[in-house]
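Inspection log for the structure reproduced underneath, given as structure tokens.
2 protein chains.
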Amino acid sequence: MNVDVRDEGRSGAPVAVPSTALFTDQYELTMLQAALRAGTAHRRSVFEVFTRRLPEGRRYGVVAGTGRVLDAVENFRFEPDLLEYLDERGVVDRPTLDWLADYRFTGEVHGYPEGEVYFPGSPILQVQGSFAECVLLETVILSILNHDSAVAAAASRMAVAAIGRPLIEMGARRTHELAAVAAARAAYVGGFSSTSDLAAGYRWGIPTVGTSAHAFTLLHDSERDAFTAQVASLGTGTTLLVDTYDVAEAVRTAVSVAGPELGAVRIDSGDLLVVAHRVRQQLDELGARSARIVVTSDLDEYAISSLAAAPVDAYGVGTQLVTGSGHPTCSMVYKLVARATDDDPRSPLVPVAKKSLGGKLSVGGVKWAARAKDEYGVAAEEIIGTGPVPDELTDSLLSVELMRDGRVLVRESLDAARHRHERARSGLPLSATQLSRGEPVLPTRYRTEAPVTA
Amino acid sequence: MNVDVRDEGRSGAPVAVPSTALFTDQYELTMLQAALRAGTAHRRSVFEVFTRRLPEGRRYGVVAGTGRVLDAVENFRFEPDLLEYLDERGVVDRPTLDWLADYRFTGEVHGYPEGEVYFPGSPILQVQGSFAECVLLETVILSILNHDSAVAAAASRMAVAAIGRPLIEMGARRTHELAAVAAARAAYVGGFSSTSDLAAGYRWGIPTVGTSAHAFTLLHDSERDAFTAQVASLGTGTTLLVDTYDVAEAVRTAVSVAGPELGAVRIDSGDLLVVAHRVRQQLDELGARSARIVVTSDLDEYAISSLAAAPVDAYGVGTQLVTGSGHPTCSMVYKLVARATDDDPRSPLVPVAKKSLGGKLSVGGVKWAARAKDEYGVAAEEIIGTGPVPDELTDSLLSVELMRDGRVLVRESLDAARHRHERARSGLPLSATQLSRGEPVLPTRYRTEAPVTA
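From first to last, the protein sequence lines are chains A and B.
Per our numbering, the very first residue in the first sequence carries number 8; after that it's consecutive.
Per our numbering, the very first residue in the second sequence carries number 8; after that it's consecutive.
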């Protein structure tokens with residue numbers, strides 16, 4: 008996973024895998040076989056990742072997973088045991104296996120940088136190379152972008168709702184164990200500040216935090232014993248869980264055990280608005296004015312927002328974050344939009360598109376995208392075009408070059424993506440941050456050479 | 008991953024990971040540290056996995072992931088580089104690191120066997136050992152069971168709706184790349200017959216299949232060229248995608264290219280009910296009576312059911328399967344239900360339970376579970392109790408011993424789990440297979456020694 012070029016996190020166990028080549032739908036390989044035989048496999052091609060719509064009611068999408076995509080493309084190779092498996096099962100024929108054995112992606116990738124916002128039609132990623140080398144990447148690219156962007160979009164809404172208070176990602180137990188690691192990463196891009204997931208800390212360098220569970224209190228003969236044990240080992244700055252039995256009594260015990268320097272208390276049940284106010288008052292009366300209140304318990308962006316006026320210092324969010332707050336996947340697709348008519352690498356690309364059925368929007372041709380601003384510097388529309396870029400838009404282009412000749416050009420820290428997202432979101436019209444359902448906050452306008460069919 | 012004891016699939020790349028120990032929330036380790044120091048870490052303890060409710064409207068749950076859980080527990084160990092990471096970040100102190108270095112789970116695991124159905128309160132998994140060794144396993148056990156059971160539940164409903172027609176899992180591109188592998192596995196347990204995901208075939212031995220994408224047609228200069236290339240390479244038994252341009256013309260071209268032996272056509276858009284009827288009629292008129300019709304395009308159990316009377320031979324299902332058809336996670340929890348009062352391994356266990364807040368059901372004590380039948384042999388209720396098992400229920404107990412002294416006792420094939428699920432589902436009242444929303448099809452009845460608090 009090329010750790011040496013990263014300055015954060017670690018590669019290796021338990022998250023890295025030796026090859027990403029098997030994260031692939033079988034038809035990518037059988038199409039390759041048929042194209043190799045037909046002599047069409049080496050036609051220069053451009054595939055684009057885009058989404059036809061945002062999840063219902065959402066105002067903007069968030070690009071996340073780009074860094075993981077670049078890793079996946081770079082590590083996409085067919086090791087001998089994988090080839091043996093494909094051979095044994097008769098998935099593809101010998102010439103195809105031979106071709107796969109030498110597979111390295113040698114093409115170009117452009118795309119919206121990680122953390123950028125997107126809208127229906129935005130060309131989020133563009134992959135250019137021979138049909139053969141590009142078609143194979145479809146499944147793994149979509150897996151990563153669809154999952155990570157869904158989590159980042161939920162995280163971004165929660166970050167808006169949290170009005171600057173820290174958000175802790177705690178959803179590992181609610182999703183696949185490795186999806187959890189990617190979810191923590193995407194949440195960080197979207198605005199979360201830490202995670203409970205040690206694998207995410209290990210792999211991506213995200214700050215990790217932890218409190219305590221009800222089991223710890225129940226293990227001990229009394230709540231006081233449990234708090235005493237925790238403070239003795241973890242110090243007075245620890246976070247004590249105060250809702251195993253009676254909250255008021257627990258808060259009293261907590262301050263009596265830890266003293267007024269008590270770090271924080273966590274509330275995991277009940278009417279959080281009411282309980283937070285009572286606990287704050289009680290902590291203040293007991294002299295623990297600097298003790299913070301952390302709330303958890305099935306929070307989503309709406310619950311977080313409803314606690315804006317409550318004396319809450321941090322939110323721990325699990326289920327609703329890692330499941331995209333109602334939208335666990337994006338509907339990104341990977342479509343061939345242009346290809347050459349023969350093998351000659353100098354042959355011009357011709358736009359191609361599926362005929363639309365059932366209202367699916369398909370626009371052929373390689374796209375550029377720009378975000379035009381209004382007179383106040385606020386984003387006004389997402390302009391997507393083919394052909395030459397109009398002069399007035401050259402400064403507003405959104406895509407950057409990510410890979411050239413199969414080599415990753417841009418490796419950036421998660422903080423860079425996180426800051427980019429914050430900037431991009433703050434450049435949108437104010438209504439972007441309304442949690443209520445609505446239309447995408449920017450309209451998509453096409454400036455294509457050929458008419459757009461819808 | 009102990010491949011040698013499996014007779015299906017393969018271990019190793021890209022799905023196995025060297026250790027599952029970091030798929031853990033930080034607080035498991037800090038609780039361990041505090042308990043080690045307090046001298047309470049070695050109290051014999053029992054944790055139970057259960058869910059307080061089924062997803063809204065669902066009639067039954069499906070246990071899936073048990074086999075993965077056993078692998079995860081067996082591989083849960085702290086390699087030197089993980090310990091170094093924990094040390095560097097100051098997550099836990101030196102005595103805790105030393106204890107973790109020797110960690111092996113040495114306890115017992117009982118549970119519902121994989122594929123079994125479950126209801127609110129069912130003790131799906133029971134983990135017994137010292138508090139220290141059991142508490143660490145919480146996160147990874149819940150990750151696996153919550154994810155895999157959510158997918159299996161959706162798969163089971165789709166299998167019911169498909170009335171025996173084959174279901175193909177095609178969701179890899181809609182979920183995290185490794186969640187996809189687990190999803191294909193869970194779908195197979197729930198009743199799917201194959202997957203498009205090569206990693207799932209490689210790791211779990213699930214049959215893989217593939218058709219073709221619109222990109223393949225668009226790559227070629229005409230649809231006829233594309234079909235000719237596909238048939239030349241993959242034979243007349245292949246599945247041709249017929250909705251890139253005009254369906255009727257594509258079907259005509261398909262039969263003209265492949266002849267009446269054409270294997271299948273795939274329809275991926277439009278009104279599938281109408282289109283399937285038209286395509287069937289056309290295929291029959293063209294003499295391709297044995298050509299099958301595969302439909303895809305955002306199917307869920309309702310869409311599948313609505314096609315029951317249509318001439319459809321197989322369904323390809325993606326998004327809605329891997330996202331649990333509206334319920335991407337279960338709400339399983341891992342709770343301490345009993346523990347000894349001191350370190351002596353002979354000390355009796357005392358039941359413990361959090362005081363209920365906000366209506367959360369908490370029942371202390373180690374549970375047994377039985378499924379009572381009515382006079383016709385149909386399941387009538389899920390009986391959950393503590394203390395001695397009543398004589399009349401000893402033949403209806405649901406849990407089996409899965410691990411003893413840290414060793415896995417039961418390793419079974421996915422087919423065994425798949426068949427178990429089919430049997431368990433067919434033993435439920437008929438209303439279990441109604442797709443409409445309703446209450447759990449079996450009521451949960453408690454026979455506990457202490458009163459149940461709700």
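All C-beta atoms, glycine included, are put in the ideal place defined by N, C-alpha and C.
Asked: Quick check on B/L225: buried or exposed, where buried means 16 or more other Cβ atoms within 10 Å of its Cβ?; Found: buried
Asked: Nearest chain A C-beta to B/T146 closer than 7 angstroms, yes or no?; Found: yes
Asked: Would you report the Cα separation of A/R172 and B/V417, rounded to the nearest angstrom?; Found: 47 angstroms
Asked: Per DSSP, what kind of secondary structure is A/G171 in: helix, strand or coil?; Found: coil
Asked: Look at the alpha carbon of A/S137 and the alpha carbon of B/A220, and state the distance between them as a whole number of angstroms.; Found: 16 angstroms
Asked: Could you tell me the distance, in whole angstroms, from the CA atom of B/E35 to the CA atom of B/T393?; Found: 27 angstroms
Asked: Name, please, each residue of chain A whose Cβ falls closer than 8 angstroms to the Cβ of B/Q40.; Found: S240 and L241
Asked: Kindly indicate the opening and closing residues of the beta strand (DSSP E) around A/I311.; Found: That residue, A/I311, is in no beta strand (DSSP E); its alpha helix (DSSP H) goes E308 to S313.
Asked: Between the segment 192-221 of chain A and chain B, which residues of the former have CB atoms less than 8 angstroms from a CB of the latter, in chain order?; Found: S203, D204, L205, A206, G208, Y209, T215, V216, G217, T218, S219, A220 and H221
Asked: Determine, for A/K362, whether the minimum Cβ-Cβ distance to residues of chain B falls below 7 angstroms.; Found: yes
Asked: For A/R6, does the three-state DSSP call read helix, strand or coil?; Found: Look at the range of chain A in this structure, 8 to 461, and you will see that residue 6 of chain A is not part of it.
Asked: What residue range is occupied by the uninterrupted alpha helix (DSSP H) comprising A/F138?; Found: F138 to V142
Asked: At a CB distance below 8 angstroms, what residues from the segment 172-187 of chain A approach chain B? Give them in sequence order.; Found: M177, A179, R180, R181, T182, H183, E184, L185, A186 and A187
Asked: Chain B partners of A/R50, CB-CB under 7 angstroms?; Found: L226
Asked: Keeping to the same chain, check which residues put their C-beta closer than 6 angstroms to that of A/L247; ignore five residues upstream and five downstream.; Found: F234, A261 and V272
Asked: Alpha carbon to alpha carbon, how far is A/Q135 from A/V116?; Found: 6 angstroms
Asked: From A/D14 to B/S443, what does the alpha carbon distance come to, in whole angstroms?; Found: Caution is warranted here: a pLDDT of 36 is assigned to A/D14, below 50, making its placement in the model unreliable, and the coordinate value is therefore given only provisionally. The alpha-carbon atoms of A/D14 and B/S443 are separated by roughly 52 angstroms.
Asked: I need the straight-line Cα distance from A/V385 to A/S200, nearest angstrom please.; Found: 27 angstroms
Asked: If you run the structure through DSSP and keep just helix, strand and coil, what is B/A271?; Found: strand
Asked: Figure out for me which residue from A/K362, A/Y209 and A/R59 has the closest Cα to the Cα of B/E256.; Found: A/K362
Asked: How about B/T330: is its C-beta nearer than 7 angstroms to some C-beta of chain A?; Found: yes
Asked: Between the segment 64-76 of chain A and the segment 152-172 of chain A, do at least 3 Cβ pairs fall closer than 8 angstroms?; Found: yes
Asked: Do we get a CB-CB distance below 7 angstroms when we pair A/E446 with the residues of chain B?; Found: no
Asked: For the beta strand (DSSP E) that A/P323 lies in, which residues bound it at each end?; Found: As written in the sequence, residue 323 of chain A is Gly, which differs from the Pro given in the question. From DSSP, the beta strand (DSSP E) with A/G323 extends over A321 to V324.
Asked: Tell me which residues share the same chain as A/R411 and place their Cβ nearer than 7 angstroms to its Cβ, disregarding the 5 neighbours each side in the sequence.; Found: E115
Asked: Is any beta-carbon of chain B found at less than 7 angstroms from that of A/Q135?; Found: no
Asked: Against chain A, with Cβ distances strictly below 7 angstroms, would B/E456 count as a contact?; Found: no
Asked: Rounded to a whole number of angstroms, what is the C-alpha to C-alpha distance between A/A20 and B/R285?; Found: With a pLDDT of only 44 at A/A20, under the threshold of 50, the placement of this residue in the model should not be trusted; the figure read from the coordinates follows. So the two alpha carbons sit approximately 53 angstroms from each other.
Asked: For A/V76, count the other beta carbons within 10 Å of its own beta carbon; 16 or more makes it buried, fewer makes it exposed. Which is it?; Found: buried
Asked: Quick check: B/V196 and B/R452, are their CB atoms within less than 7 angstroms of each other?; Found: no
Asked: Do B/A48 and B/A108 have their beta-carbon atoms positioned less than 7 angstroms apart in this structure?; Found: no
Asked: Look up A/V448 in the DSSP assignment and say whether it is helix, strand or coil.; Found: coil
Asked: Short check: CB of B/L132 to CB of B/V53, under 7 angstroms?; Found: no
Asked: Using 8 angstroms as the Cβ pair cut-off and three pairs as the minimum, do the segment 428-446 of chain B and the segment 117-130 of chain B touch?; Found: yes
Asked: Please compile the residues from chain A whose C-beta is within a distance smaller than 8 angstroms of the C-beta of B/K342.; Found: H221 and A222
Asked: Among the residues of its own chain, which have a CB less than 8 angstroms from the CB of A/Q237, if the five just before and after it don't count?; Found: S219, F223, T245 and L247
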